[in-house]
Each structure stands twice: as structure tokens, then as C-alpha cells.
Amino acid sequence: MDITRRNFVKLATTAGLMLTFGKVSAATNEKILVVYYSRTGEEYGLGNITKGNTAIIAELIAQKTGGDLFEIKPVTPYPDSYEECKKVASREKATKARPPFIGNVDISGYDIIFCGYPIWYGDAPQIVYTFLEGHDFSGKKIVPFCTHGGSGLSSTDQNIMLTCPTAKILQGFAIQGSIAQNNPSKAAELVDNNLKKLALI
Ligand SMILES: Cc1cc2nc3c(=O)[nH]c(=O)nc-3n(C[C@H](O)[C@H](O)[C@H](O)COP(=O)(O)O)c2cc1C
642 MDITRRNFVK
652 LATTAGLMLT
662 FGKVSAATNE
672 KILVVYYSRT
682 GEEYGLGNIT
692 KGNTAIIAEL
702 IAQKTGGDLF
712 EIKPVTPYPD
722 SYEECKKVAS
732 REKATKARPP
742 FIGNVDISGY
752 DIIFCGYPIW
762 YGDAPQIVYT
772 FLEGHDFSGK
782 KIVPFCTHGG
792 SGLSSTDQNI
802 MLTCPTAKIL
812 QGFAIQGSIA
822 QNNPSKAAEL
832 VDNNLKKLAL
842 I
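In this note's numbering, the protein residues as written are 642 to 842.
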């Protein structure tokens, strides 16, 4: 008998089995990947952080959906100093740089890709576009999410739509960096609310 993944999940549900098999979301039967870039070091208003704000949200999304995680790690790390990082980020934005990252992930087996990043000068860091331009998103769904200091998503969801025209862009969401960093219960609640809106939990 040919058992497709969807049928397997149905069978597993009927049999009352755990639905984390193959990291398929229990709510949708779709396979989820959470890709993100996040920086540690000196952050405006937050001091020296050892875990990035976006990383905290990315991990919550992966935990709650059963998704896999891929961190975009720059070949040349961004400076820990906030002022130095601003210089690099604004130069990269002005030149539309495409900084390389370490390793890669095969996205072909995933249905939904969460794409997370901090807002830098009203946009995603250029390295996120290196990732997006380097993959074929045909037939995939992308959920943009960001952490920020006040800008919200800015127009990053539209930028992602333009960068990945063959993907379907789902409702994105933005969480204040200070909430991600300092208020774990609020951060978890906001993630839950957004995953529920997407019918993913
Ligand atoms: C270079 C740089 C530029 C930033 N530009 C903005 C901005 O335009 N709007 C905003 O709301 N926050 C801005 N921020 C704040 C970050 O978006 C915010 O602290 C975010 O949560 C950091 O996430 P991370 O820890 O995952 O890197 C900027 C931070 C840096 C380092």
C-alpha cells in the first residue's frame, strides 16, 4: 500500500500517535522550516545581549510548530559594537551587498518557510536577501517575521514578495526586540497569537 505523508499523518492521528513525526505540523500536515538571521552583542536600548531577539522568537516558532531551524550565520560576523554594526549595515544597504553565509539548507522538502530577521534601517539585513535569492521558493509559502525597535515589519513583507515572486507570502508579524529579550511570557503569547491566526497551532 502506498502511504503518502498526508495519509500517514491521518493514520497517525486516528491511531492517536504523536504528530511530531517527520517534523510535520500537527495543525496543517505541512513541513515547516524557520530560517532566521539574528545578531548578538551591543543592541540599542538593551545593552549586551548574548542571544539575539530574533533567535528567541525563531526558537519559539520552531518549538510550537515542530519546525526545523536554520540560522543564517554570516561568513564575516557583524560587529558586536552597535555603532560599528550600523556603519556596516548602512553600507551594505546602500550598495545592495549580498554577504555570504555559512552552510546551507535544502528547502525543497518544506511547505512553509518562516523567514525572520531584525529590522535594520527599515529593511531586513542584506544577508537575508542573499538567502532568499539563493533558493527556489516556487510553490512555497513564506511567513515573514521580524523583531524591531519600533518600525514593525516596515515594508519587508513587500520586499520579500518582490524577491520571491513565485512564493505565496502569508501574513507576517513583528515583535518588539525588548519584549523578545526581556518578557518571555509576553513573547510566547504574541507568537501563539500569530501562529493561531495562521492556523498553524
Ligand atoms: C544596524 C541596526 C539598525 C537598526 N535599524 C532599526 C530600524 O530601522 N527600525 C527599528 O525599529 N529597529 C532598528 N534596529 C533595532 C533592531 O531591529 C532590534 O533591536 C532587533 O530586535 C534586533 O534583533 P536581533 O537581536 O535578532 O539582531 C536596528 C538595529 C541595528 C543593529
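Note that CB positions come from ideal geometry on N, CA and C, so glycine has one too.
What residue range does the beta strand (DSSP E) around residue i cover?
| i | result |
| --- | --- |
| glycine 813 | No beta strand (DSSP E) holds glycine 813; DSSP gives it neither H nor E. |
| leucine 710 | 709-712 |
| glutamate 671 | Here glutamate 671 belongs to no beta strand (DSSP E), and DSSP marks it neither H nor E. |
| glycine 682 | 682-684 |
| isoleucine 690 | 688-690 |
Please name the residue in the options whose C-alpha comes closest to that of residue i.
| i | options | result |
| --- | --- | --- |
| lysine 727 | Ile801, Gly682 and Leu831 | Gly682 |
| serine 792 | Cys805, Tyr758, Gln822 and Pro825 | Tyr758 |
| threonine 695 | Gln822, Ile673 and Pro720 | Gln822 |
| cysteine 756 | Lys737, Pro785 and Leu773 | Pro785 |
| aspartate 747 | Val676, Thr797 and Tyr770 | Val676 |
| glycine 708 | Ser666, Ala730 and Leu839 | Ser666 |
| leucine 601 | Ser731, Met802, Ile698 and Asn800 | No answer is possible for residue 601: the residues shown for the chain start at 642 and end at 842. |
| proline 718 | Gln799, Gln817 and Ile768 | Ile768 |
| tyrosine 770 | Asp721, Asp798, Asp752 and Lys782 | Asp798 |
| glycine 775 | Trp761, Tyr685, Pro741 and Gly686 | Pro741 |
| isoleucine 801 | Pro825, His789, Lys781 and Ile702 | Lys781 |
Taking residue i as part of the alpha helix (DSSP H), name the residues at either end of that continuous run.
| i | result |
| --- | --- |
| asparagine 694 | 694-706 |
| asparagine 823 | 818-823 |
| asparagine 745 | Taken as a continuous stretch (DSSP letters only), asparagine 745 belongs to no alpha helix (DSSP H), as it is neither H nor E. |
| isoleucine 801 | 797-804 |
| lysine 727 | 723-736 |
Quick check: does the Cβ of residue i come within less than 7 Å of any heavy atom belonging to ligand 3?
| i | result |
| --- | --- |
| proline 759 | Of the ligands one can find in the structure shown, namely ligand 1, none is ligand 3. |
- [ ] Return the chain-ordered ranges of every alpha helix (DSSP H) run that is complete within the segment 753-782 and spans a minimum of 4 residues.
- [x] 767-774
Just checking, does the segment 798-818 make contact with the segment 707-718 on the three C-beta pairs under 8 Å criterion? no
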